[in-house]
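The block underneath contains the structure these notes are about, expressed in structure tokens.
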Amino acid sequence: PQDKLGIARPNRPLVTAEHKIGVLRLFEATCTQLGARLVHVGAGCGLLSSENVLWQLHSATEDGTEATFKTWRGKYRVKLSMLGTHQLPNFGCALAAVELLREAGWEITDNAISIGAQRATCPGRLQLFKLNGRKVLLDGAHNPSGAATLARSLRTIFRYKRLNLVIGILKDKDATNIVSKLVPLSDKVFATQPQTERALPTELLAKHCQPFGKPISVHLSVAEALDAALEDAGSDDLVCVTGSLYVVGEALAHLRSKLGESDNEPFAQ
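Those letters in the sequence shown? Residues 4 to 272, by this note's numbering.
Here it is as structure tokens:
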């Protein structure tokens with residue numbers, strides 16, 4: 004918490020989506036001391052000295068996330084191209100910053116806000132592609148929290164019949180708790196490793212996955228694992244690549260090389 008307080012500056016607004024009430028109280032006290040304006044993104048903070056940005060979710064699908072945001076200046080209904088409800092507080096912070104810039108004299112239209120929501124991207128975070136009729140989802144979840152967020156999105160947002168999980172993890176990460184959240188949702192596991200000395204060897208990763216009783220194949224490269232998962236997948240299935248940003252980066256490069264050979268395009272980036 005003390006590290007986070009370092010971003011506060013005298014007589015400058017501070018925007019946060021922090022949800023831990025103890026940390027928020029520290030923000031509130033620090034902002035009061037510095038004469039800084041506090042803007043909180045999210046409901047239920049219980050702070051009296053802050054302005055709030057709230058939202059109401061309308062839909063969250065693999066085609067996008069629709070919500071209405073309410074700031075101290077107005078309401079905005081937007082569709083986010085970035086997938087997942089966890090992006091709502093992120094957009095709320097951006098919207099709060101825009102409102103503050105408007106108050107400072109910047110000319111930013113409501114239409115610009117809507118366009119920004121539609122065009123903003125976060126490569127490697129619930130990034131969805133379609134290749135030869137098959138859907139590929141890239142997500143760089145590399146810790147138990149990220150894996151839990153991905154698992155929730157797989158259960159609630161995406162439509163598929165079978166899930167082929169391509170996974171590679173670094174050896175300094177909590178592989179046990181990452182795979183425990185993702186492997187049970189899969190139909191097949193394609194264990195792999197990125198090209199870095201930090202990678203957990205595929206044989207060890209496969210051992211972490213074995214207790215869940217899913218078919219597992221071992222692949223020495225991300226490209227090989229992805230190709231195998233795609234070959235096995237049908238048009239109603241989903242291939243999910245995850246476990247490390249290194250893995251997602253290699254998968255993204257491989258996908259783009261394939262996309263360059265065809266007329267297919269990513270339909271969410």
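Built from N, CA and C at the ideal position, the CB exists for glycine as well. Remember, it's a predicted structure, so these values are computed and weren't measured experimentally.
Subject >> Three-state secondary structure assigned by DSSP to N114 >> reply: helix
Subject >> Residue closest to A20, alpha-carbon to alpha-carbon, out of L86, T64, G95 and Y79 >> reply: Comparing Cα-Cα distances from A20 to each of L86, T64, G95 and Y79, the minimum goes to G95.
**OP:** Within 10 angstroms of the Cβ of E264, are there 16 or more other Cβ atoms? Answer buried if so, exposed if not.
**Re:** The pLDDT assigned to E264 is 49, lower than 50, so where the model puts this residue is not dependable, and the model offers no usable value.
**OP:** Sort out for me which residues DSSP pairs T1 with in a bridge.
**Re:** The chain is shown from 4 up to 272; residue 1 falls before or after that span and cannot be answered.
Subject >> 8 Å contact criterion, which T33 and L8 should meet: CB distance rounded >> reply: 5 Å
Subject >> Cβ distance (whole Å) where L241 is taken to contact H145 below 8 Å >> reply: At roughly 20 Å, the Cβ-Cβ gap does not stay under 8 Å, so L241 and H145 are not in contact.
**OP:** In the DSSP assignment, find the alpha helix (DSSP H) that holds C243 and state where it starts and stops.
**Re:** Counting along the chain, C243 falls outside any alpha helix (DSSP H), though it belongs to the beta strand (DSSP E) covering L241 to T245.
**OP:** Could you work out which residue in A151, L134 and N135 is closest to D142 when comparing CA atoms only?
**Re:** Closest option to D142, judged by alpha-carbon separation, among A151, L134 and N135: A151.
Subject >> Y249 - containing alpha helix (DSSP H), residue span >> reply: L248 to L262
Subject >> C-alpha distance - D190 paired with T199, whole-angstrom precision >> reply: If I take the Cα positions, the gap works out to 27 Å.
Original post:
Per DSSP, what kind of secondary structure is T88 in: helix, strand or coil?
Top reply: Reduced to three states, the DSSP call for T88 is coil.
**OP:** Determine which residues share a DSSP beta bridge with V221 and list them.
**Re:** A194
Subject >> Residue nearest to R15 in terms of C-alpha spacing, selected from I24, L41 and L29 >> reply: L41
Original post:
The alpha helix (DSSP H) with H43 in it runs from where to where?
Top reply: It is not in any alpha helix (DSSP H) - H43 instead sits in the beta strand (DSSP E) that spans L41 to V44.
Original post:
Where does the unbroken alpha helix (DSSP H) through I24 begin, and where does it stop?
Top reply: I24 to L37
Original post:
Should Q36 go down as buried or exposed, given a rule of 16 or more other Cβ atoms within 10 Å for buried?
Top reply: exposed
Original post:
Ends of the beta strand (DSSP E) at K73?
Top reply: G67 to K73
Subject >> Residue environment, A232, which counts as buried when at least 16 other CB atoms sit within 10 Å >> reply: buried
Subject >> Spatial neighbours of L17 in its chain, beta-carbon cut-off 8 Å, leaving aside the 5 residues before and after >> reply: So the qualifying residues of the chain are I10, A11, F30, C34, A39, R40, L41 and V42.
Original post:
Cβ of T124 within 8 Å of Cβ of I170?
Top reply: no
**OP:** Would you list the one or two residues that DSSP bridges to W109?
**Re:** In the DSSP secondary-structure assignment, W109 is not bridged to any residue.
Subject >> Nearest residue (CA-CA) to A254, options G127, E54, V56 and E65 >> reply: Per the Cα distances, G127.
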